[in-house]
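For the sequence shown, my numbering assigns the number 7 to the initial residue and increments by one for each residue that follows.
Worksheet for the structure shown next.
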Amino acid sequence: MSRHVSLPIEEKPYEQHIDDSNADPTLQQIGTRTTAAGTETEKGSTRYASSETGLAFKDENKKAERRLLLKLDMAILPFAVLLYLSAYLDRGNLANARLQGLQKSVLDNSDQNYSIALAMFFVTYIVFSVPGTLLARQFLPSRSIACGAMIWSIAATCQAATFNKAGLFVCRLFVGIGEAMFGQAMALHLSYWYTKHDLAKRVGLFISAGALAGAFGGLLSYGVSSIKHSAIPQWRILFLIEGCPSVVLAICTFLFMPTRPETSRYLNEEERTLCLTRLNAESNVETSTGIEWGGVRRCLMDWKTYVISLAYSCMNLNLGSVGGFLPTIIKGFGYSNARAQLFTVPPYAVALVFMLLLTSFSDYKQSRGIPVACVFILGLIGWSILLAVPASHISQSQYSARYLACILVVTAGYTNIPLIISWQSGCTGSQSQRATSLGMLNSVGQCLSLLAAFLFPSKEGPQYRKGAIVNIAFQALGLVLVLAMTAWYRYENKRRDRVEGGRPPKGTPLNVVEQYDLAPGK
């Protein structure tokens, strides 16, 4: 294996090219740099020596980075994808179980009790999201995530043994606690290993398991619905089939998922050096573990945390509506229960492909706000069609329009998750600030999911005007928020470049541990 060596590059000191009288005295000058010839100013340049040795080193380093990324992807992403698949199956199977008799058997055939069962998950998911994410900072992420997976998998399996609404409500509360220790903690864990140029695509890959779970869950429910003359009800079989494998997955995660790049035995020393060098270029390595409470305070006092979390909440209203009621909405087209579950598969498949394409584009362009805004527009179009096109006694063209609308709202519900997570992650400084910010996405961002649980009562079907109108309103609000934040971030970046003398050269150490996202050069 080739050795990585550093080549000396002669550089002149940074040039100061702005009027100091207008500079903020609290911000240090970072400036630009010149080439060795002194005739060309480059911002953020990391030019290699223009020699055969330098070019060979650059080529070998790129190959080594590709090998490293492939190795990380093979070791980390399978756990991330399988855990998210498991989590979304266990979270979303209530909608399919409803069509298989759960509401009649356990919930007194009450729409309100079904909505409460949906809401119970979000109560604990909201309350424990910040503590659950901070646990991944205090301890090894693989350990805290595995413990969360064990909690939700046991609780999800126990749903099969419930005989009254109280028992189901308690199980849903514990599913929420377990998933609060996983969702944003996994995004934090990925940010420990990948640079922001790699992150959105990887987060998209693991979030894509949510869309895959929707498709797989529909197929699985259709298969369970085909079981006839069983000794136990179909919905209990569904909970057992989806819950039991998650217990095994939690044990495997605890034992085998890589921990942190600084200490993981999965990397040899040469790979570890390369991995940490890439992360150090973004000031993304902290030698100490544990929670740094200054970063927590900075997150909680930063207005941007709440604005982005509110936009995330607008997205989650859509996602909660899809997860809890998509089979019910499609059944309103005139299908049987079994066929309604089968026809939930294509929207999730489209969402999966679209999400992977858009997150790859977002990483390539290093743009988050505009892609997020485009996804909100898709959601607006989808819900507007569901509101405008009649749901009863419809023609073939109206049916096609409403099914297209279902595809659009499912796509909008899933695609924005990795984009907003990567956006929030990249705009934080220290790891403790990042952990808290990602946790706040759920604590604030899931509040509207509670509302989604009550937007689609059976008496308002199959049109569900109230649910469509509320979703349209919040998709519009989310669109306005992300466009406003995009404009503000671009203005702030230009202001900092002006005050600090331009962007620092790539790899310049930034004092994010003490100054967080306010550090000069951030």
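Beta carbons are placed, not taken as given, at the ideal position from N, Cα and C, and that holds for glycine.
Of all alpha-carbon atoms in V486, G154, G340 and T59, the one lying nearest the alpha-carbon of S135 is that of G154.
Secondary structure within the segment 320 to 379: not one fully enclosed beta strand (DSSP E) run of 3 or more consecutive residues is present. A straight line joining the alpha-carbon of I243 with that of S464 spans about 25 Å. The closest CA to that of L75, considering only L273, K64, L524 and V351, is found on L273. It is roughly 30 Å from the alpha-carbon of L487 to the alpha-carbon of V87.
With fewer than 16 other Cβ atoms inside 10 Å of its own Cβ, R72 counts as exposed.
Relative to the Cα of A357, the nearest Cα in the group I376, P396 and P424 belongs to P424.
The beta carbons of I427 and L444 sit closer together than 8 Å.
Between S390 and R143 the beta-carbon gap is near 41 Å, outside 8 Å, which marks them as no contact. A distance below 7 Å between beta-carbons, with the five flanking residues on each side excluded, links A206 to the following residues of its chain, in chain order: T365, S368, D369, P424, L425 and S428. Taking V253 as the centre and dropping the five residues before and after it, the same chain places the C-beta of M156, S159, I160 and T163 closer than 8 Å to its C-beta, in chain order. Cα atoms of K234 and L174: separation of roughly 25 Å, rounded to the nearest angstrom. S449 has its alpha-carbon roughly 14 Å from the corresponding atom of M321. Annotation for F188: no alpha helix (DSSP H) segment contains it, and DSSP assigns it neither H nor E.
By the neighbour-count criterion, in which a residue is buried when 16 or more other Cβ atoms sit within 10 angstroms of its Cβ, T269 is exposed. The segment 215 to 231 makes contact with the segment 345 to 356: 3 or more CB pairs, one atom from each, lie closer than 8 Å.
With contacts defined by Cβ atoms closer than 8 Å, F180 and F331 do not form a contacting pair. Burial of G182 is indicated by the presence of at least 16 other C-beta atoms within 10 angstroms of its C-beta.
By the neighbour-count criterion, in which a residue is buried when 16 or more other Cβ atoms sit within 10 angstroms of its Cβ, E498 is exposed.
K512: not part of any alpha helix (DSSP H); DSSP gives it neither H nor E.
Taken atom to atom, the span from the alpha-carbon of G527 to that of W494 is near 17 Å. The beta carbon of Y131 sits closer than 7 Å to the beta carbons of G182, E185, A186, N448 and Q452 from its chain, once the five residues preceding and following it are set aside; these are given in chain order. Non-local C-beta neighbours of R471 in its own chain, meaning closer than 7 Å and more than five positions away in sequence, comprise L393, ordered along the chain. Residue range Q402 to G432 is occupied by the alpha helix (DSSP H) that includes Q402. In the structure shown, F169 adopts coil according to DSSP, grouped into three states.
The residues R284 and E288, in chain order, have a CB closer than 6 Å to that of T201 in the same chain once the five nearest residues on each side in sequence are set aside.
R408 is not a Cβ neighbour of V416, given a cutoff of 8 Å. A check of alpha carbon separations from S150 across L261, A474, D523 and R303 identifies L261 as the nearest. The criterion of a C-beta distance shorter than 8 Å is satisfied by L140 and T442.
The Cβ-Cβ distance between W299 and Q106 does not fall below 8 Å. In this structure, L225 sits away from S92, with a CB-CB distance that is not shorter than 8 Å.
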